[in-house]
Amino acid sequence: MTSIEVRPMRWWDIPAVHAIETSIFMTDPWSVEQFWSELSQPTRKYFVAAVGETIVGYAGSFVLSPEADVQTIGVAEDHQGHGIGALLLTTLIKHAISAQAIQLILEVRSDNDAAIAMYRRFGFERISSRPNYYTPDVDALIMRLRPLVVVVGHD
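Here our numbering is used: the first residue of the sequence shown is 1, the next is one more, and so on.
As structure tokens, this is what we get:
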């Protein structure tokens, strides 16, 4: 696969990010306005993964030390399975560590087996669930990584 660059998300990336969002989270995608709102907040940090000029993934987190929360991770369907999600998650973990967070929390659809497997490879553990959190009637699993470490092989 071609070289992947991870860089901070900018406002002009929102249309490409939103296109990925609506294609992979068809039942409950974020709106363009939600991405604008997230980028405008100082406690949020968003990144994009690009192959050349093409954005193929994105991720964002909320950090208010000592806590950090993954807000979203998405990878374009035709680029899934190539380690881009892991690269973005590694970036979020490193950002949380640099902001002195001691744990990272996330919510994931209980039917998203690929994402759950990736989070487990990183050491995330399920701590709770939220019944019927996602549309249509899908539970959210709440997972936590503590202590924050970058997993060897994902660095």
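Don't be surprised by glycine CBs; every beta carbon is placed ideally from N, CA and C.
Can you tell me the Cβ-Cβ gap for residue i and residue j, rounded? I've got them flagged as a contact below 8 Å.
| i | j | result |
| --- | --- | --- |
| Ile73 | Leu88 | 6 Å |
| Met118 | Ala68 | No, Met118 and Ala68 are not in contact; Cβ-Cβ is about 17 Å, not under 8 Å. |
| Asp111 | Val138 | 6 Å |
| Gln100 | Pro131 | With 8 Å as the limit, Gln100 and Pro131 do not qualify as a contact, their Cβ atoms being about 33 Å apart. |
Where does residue i land, buried or exposed, given buried means 16+ other C-beta within 10 angstroms?
| i | result |
| --- | --- |
| Glu125 | exposed |
| Ile102 | exposed |
| Leu141 | buried |
| Glu77 | exposed |
| Leu64 | exposed |
| Gly81 | exposed |
| Thr27 | exposed |
| Ile20 | buried |
| Thr90 | buried |
| Pro136 | exposed |
| Leu145 | buried |
Figure out for me which residue from the options has the closest Cα to the Cα of residue i.
| i | options | result |
| --- | --- | --- |
| Val149 | His95, Met9 and Gly83 | His95 |
| Pro8 | Ile55, Thr22, Met26 and Thr27 | Ile55 |
| Pro147 | Ala76, Val108, Asp111 and Ile93 | Ile93 |
| Val75 | Trp12, Phe25 and Phe62 | Phe25 |
| Ser37 | Gly57, Ala49 and Ser61 | Ser61 |
| Val51 | Ile84, Glu21, Ala19 and Asn132 | Ile84 |
| Val48 | Leu64, Asp28, Glu107 and Ile4 | Ile4 |
| Glu33 | Arg44, Ile14 and Ile20 | Ile14 |
| Ser129 | Glu107, Leu145, Ile116 and Ala115 | Glu107 |
| Trp12 | Arg144, Pro136 and Glu53 | Glu53 |
| Ala10 | Thr91, Tyr46, Pro66 and Val70 | Here residue 10 turns out to be Arg, not Ala, going by the sequence shown. Nearest of Thr91, Tyr46, Pro66 and Val70 to Arg10, Cα basis: Tyr46. |
Notebook entry, point to check: At which residue ranges does the stretch 37-122 contain complete alpha helix (DSSP H) runs of 4 or more residues, listed in the order of the chain?
Noted result: 84-98 and 113-121
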